[in-house]
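Q: Numbering (the numbering used here) for the sequence shown: 12 to 304. Heads up, the beta-carbon is just placed ideally off N, CA and C, and yes, glycines get one too. Structure incoming, see below.
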Amino acid sequence: MNTRDLAYFAQLVELRNFTQVAAHFGVTQPTITLALKRLEDEFDARLIHRDTSHTRLTVTTAGRQLYQHAQAITRELALAHTEIDHLREEKIRFGLPPIIGNYYFPKIAAKLVTVGLTEQLVTQGGGSGTLLTMVQNGSLDIALLGHSGPLSAPGLTVTQLAQAPFRIVVPAGHPLAQQKSLAFTALADQPFVVLDEGYVHARAFRWFTQTAGVRPNIVYRSNDVGVVKQMIKQGVGIGFLTQIAITAADGLVAIPIAQTDQPRFTISVARRTEQVMTPLLTTFADLLTHSQK
């Protein structure tokens with residue numbers, strides 16, 4: 012079977028037009044017609060029904076079934092190309108979210124220098140959700156990811172490395188700064204400066220507010236942790252951050268949240284289970300996994 016025929020067929024199911032599919036691939040319309048015929052002969056089934064005027068296409072039940080498999084095969088082939096290209100380059104494409112990169116990864120960096128791995132890393136920043144997708148589609152070999160609940164994704168090997176609580180963050184002179192703990196029910200009228208939806212914090216923040224039955228007053232969102240901390244320090248609003256992101260130099264007070272069974276900011280290392288582990292990648296994965304032991 013020609014895998015190109017499957018690509019033509021999948022596009023035909025999506026566009027329902029032979030001319031448009033031919034233009035998409037830069038081939039002639041008869042090429043698409045012949046590809047369809049080969050597939051129908053291969054499976055001994057009608058895949059596409061065309062009315063007598065050929066103006067309307069209907070995908071048969073068999074065609075819909077083949078379309079599901081064609082999509083999976085196409086994804087796997089694309090992933091194979093990506094992974095083999097990466098093997099030739101002898102580099103490790105590594106996903107690193109900003110909070111983990113700024114406040115957690117430096118503890119590991121010295122070990123990377125010791126074993127001579129820093130020059131082999133091609134680091135990609137971004138939110139954990141985006142980086143997770145990149146690991147899944149083969150754009151990244153491995154990533155450190157933040158999450159606030161169980162991280163379970165098909166086809167991935169995930170190893171948990173560390174956890175830290177979420178905190179309410181205020182300036183040192185704020186009226187709430189002396190509190191030993193705070194409940195979200197007491198913060199309904201407080202203005203919040205928070206990280207945007209690209210961060211794990213957004214999901215955890217929703218958990219806390221929904222559990223408390225509070226509709227938060229969010230006055231500003233940012234994708235930059237440094238900006239959020241500066242705005243908190245300037246009194247624009249109080250914040251919601253993991254303890255990992257707060258340092259003594261920030262001049263901020265991190266207050267525990269009074270809530271049972273609350274989610275925690277969790278750091279894990281993730282890679283594709285079926286990925287062939289080169290010696291270089293094995294060394295790096297082992298270093299990340301055992302760095303806290």
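Give, in chain order, every unbroken run of the alpha helix (DSSP H) that is at least 4 residues long and sits entirely within the segment 205 to 233.
A: Along the segment 205 to 233, the alpha helix (DSSP H) occurs as fully enclosed runs of 4 or more residues at 211 to 223, listed in sequence order.
Q: Given a threshold of 16 other Cβ atoms within 10 Å of its Cβ, counted over all protein chains shown, does L199 qualify as buried or as exposed?
A: Checking the sequence shown, residue 199 turns out to be Ala, not Leu. A199 should be labelled exposed.
Q: With a 10 Å radius around its C-beta and 16 neighbouring C-beta atoms as the bar for buried, classify P274 as buried or exposed.
A: buried
Q: If distances are taken between C-alpha atoms only, which option among M12, R283, T141 comes closest to D52?
A: Nearest C-alpha to D52: M12.
Q: Taking the C-alpha atoms as reference points, what is the distance between I119 and L172?
A: 12 angstroms
Q: Applying the criterion that 16 or more other CB atoms from any shown protein chain within 10 Å of the CB defines a buried residue, is A259 buried or exposed?
A: By the C-beta density criterion, A259 is exposed, having fewer than 16 other C-beta atoms within 10 angstroms.
Q: Where does T253 land, buried or exposed, given buried means 16+ other C-beta within 10 angstroms?
A: The residue in question, T253, is buried, as its Cβ has 16 or more Cβ neighbours within 10 Å.
Q: For a minimum of 4 consecutive residues, which ranges assigned as the alpha helix (DSSP H) are wholly contained in the segment 39 to 105?
A: 40 to 54, 72 to 100
Q: When we look at the beta-carbon of V4 and count the other beta-carbons within 10 Å, is it buried (16 or more) or exposed?
A: Residue 4 is absent from the model: the chain starts at 12 and stops at 304.
Q: Rounded to the nearest angstrom, what separates A194 and P165 at their Cα positions?
A: 36 angstroms
Q: Between which two residues does the beta strand (DSSP E) containing I266 stretch?
A: Following the DSSP letters along the chain, one finds I266 inside the beta strand (DSSP E) bounded by residues 263 to 267.
Q: Going by the CB atoms, is the gap between G209 and G106 shorter than 8 angstroms?
A: No, Cβ-Cβ distance for G106 and G209 is not below 8 angstroms.
Q: Helix, strand or coil for R178 per DSSP?
A: strand
Q: Would the segment 149 to 166 and the segment 263 to 283 be scored as touching if the rule is three or more Cβ pairs under 8 angstroms?
A: yes
Q: Since G157 sits in a beta bridge, which residues does DSSP pair it with?
A: I278
Q: For V181 and T300, what's the separation of their Cα atoms in angstroms?
A: 34 angstroms
Q: So what does F203 bridge to, in DSSP terms?
A: Paired residues: I229, I249.
Q: Compute the minimum distance between the beta carbon of H212 and the heavy atoms of the ligand FMN, and state whether it is under 7 angstroms.
A: The ligand FMN is not part of this structure, which contains no ligands at all.
Q: If contacts are defined as beta-carbon pairs under 8 angstroms, then F20 and A46 qualify, I think. What distance do you get, rounded to the angstrom?
A: 7 angstroms
Q: Hey, could you find the ends of the beta strand (DSSP E) T293 is sitting in?
A: Segment 290 to 300 is the alpha helix (DSSP H) holding T293; no beta strand (DSSP E) there.
Q: What residue does the beta strand (DSSP E) around V287 start on, and which one ends it?
A: That residue, V287, is in no beta strand (DSSP E); it is neither H nor E in DSSP.
Q: Using only alpha-carbon positions, find the residue among K191, V225, Q190, S192 that is nearest to F203.
A: Of the listed residues, the one whose Cα sits closest to F203 is V225.
Q: Taking T258 as part of the alpha helix (DSSP H), name the residues at either end of that continuous run.
A: That residue, T258, is in no alpha helix (DSSP H); it is neither H nor E in DSSP.
Q: Alpha carbon to alpha carbon, what distance is there between V205 and V146?
A: 27 angstroms
Q: Considering just the uninterrupted stretch of the alpha helix (DSSP H) at Q147, what are its terminal residues?
A: 139 to 147
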